[in-house]
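Worksheet: the structure to be examined is printed underneath.
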Amino acid sequence: MINEALRRIVSQAKAIILDIEGTIASIDFTRKEAFPYVESHIEDYIMKNWDEVKNTLSLIQQQFVLDSKEISNDVVQLPSVPTSENIEVEKCQSAVIGYVKHQMKNNRNDPAMKQIQGLALQNAFRNGDILAHIYSDAIKALKIWADESKLIYTYSTGSRATQVEYFKHTILGDLSNFIKGYFDTSVGSKLECEGFKFICSSAEVDPSEVVFFSDRPKEIIAAKKCGLKAILVDRESEISLIREEQDFLGHEDGKISSFTEILSDS
């Protein structure tokens, strides 16, 4: 009976907003494959793609100043942001590598760290070094919703550029044709209304015509406050955000463990 109600909610929706990690893709892929790959290849990436990486130096420098009291003495001091061609490139590269490795080791996901991590991950997808994971039931959902002319968007903490490469290089090929648009937290936090309102405005749909899927109860609450329908996806992963946010359960319109539970032809 509950699934019938959820099927009606999804069937009547004009747009779908999807969280990625833990919802349509495995958290294990991100934590056990993607991030470890980036960590083991980050030094090589920075050295080979310095022209791209150096564009993040101002952001890294700002973050370094904020973190300076917490960073251990064994991390190489970052040089000033380069303003001329006479900078010591090797010293700067070494400092950035030391900083990035330190942030990774200590699980610090600051904007500078996430930007370089994202660049390295995009490069890995483009080169075919790793392929993005998508659950089979999520792929089925994408195909059905596309046939129903629903607008499908992603909303993730990963950068928009990384999301694009993710869907272009999946285990089942290029799935980017199913996605109308990609959004990251530059449009607003997923724990607040601003980002959801921005996406609905961009899609030119009323929030009541949108269904948001996520594995995070806190994100579900934010979407509901904005007037969206929201369904919790519980994959029962060993790394479950639902267990971490149990106190925030109960606001969702319903909970599923697979999209097949609410697809119209299931």
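Note that this note's numbering has the sequence shown beginning at 857, numbered continuously upward.
Every residue gets a Cβ at the ideal spot worked out from N, C-alpha and C, and that includes glycine.
Buried/exposed call for residue i, threshold 16 Cβ in 10 Å
i	result
L1028	exposed
R1091	buried
M857	Any answer about M857 is weak, because its pLDDT of 46 lies below 50 and its placement is not dependable; what the coordinates show is given next. Answer is exposed; the Cβ neighbour count stays below 16.
I1118	buried
D1103	exposed
K961	exposed
R1072	buried
A1158	Summary: the structure shown does not reach residue 1158, with the chain confined to residues 857 through 1122, and so no result is reported for it.
Q959	buried
V945	exposed
A988	buried
N859	exposed
E1108	buried
K1046	buried
Residues near residue i in its chain [Cβ-Cβ closer than 6 Å; skip 5 each side]
i	result
F981	E1021 and H1025
D907	none
V1061	K870 and A871
E877	I883 and T886
Residue range of the alpha helix (DSSP H) that includes residue i
i	result
S896	F891 to K904
V952	V945 to K961
C1056	C1049 to A1059
R1016	R1016 to K1024
K1080	P1073 to K1081
G974	P967 to N983
Residues near residue i by beta carbon distance below 7 Å, same chain, minus five either side
i	result
A1079	F1052, F1068 and A1086
D966	Q919 and Q959
Nearest-angstrom beta carbon gap, residue j and residue i [assumed within contact, 8 Å]
i	j	result
D875	Y1011	6 Å
I1076	S1070	6 Å
S1093	I883	5 Å
F802	A1002	Residue 802 falls outside the range modelled here, since the chain spans only 857 to 1122, and no answer is possible.
I873	V1089	In fact, because the Cβ distance is near 12 Å, the residues do not count as touching under 8 Å.
Residue interval of the beta strand (DSSP E) (run including residue i)
i	result
I1008	L1007 to S1012
G1110	G1110 to I1112
D1040	G1037 to D1040
V1066	V1066 to S1070
K870	First-last for K870: undefined, no H or E at that position.
L1088	K1085 to V1089
Spatial neighbours of residue i in its chain, beta-carbon cut-off 8 Å, leaving aside the 5 residues before and after
i	result
K1081	C1049
G971	It is worth fixing the name first, because residue 971 is Gln in this sequence and not Gly. T912, L915 and S1015.
E941	Reliability of the predicted coordinates at E941 is poor, the pLDDT of 49 falling under 50, and no value is obtained from them.
The ligand COA heavy atom lying under 8 Å from the CB of residue i
i	result
S1120	As for the ligand COA, it is missing from this structure, which has no ligand bound.
- Count the C-beta pairs between the segment 976 to 996 and the segment 888 to 902 that are closer than 8 Å, then say yes if the count reaches three, no if not. yes
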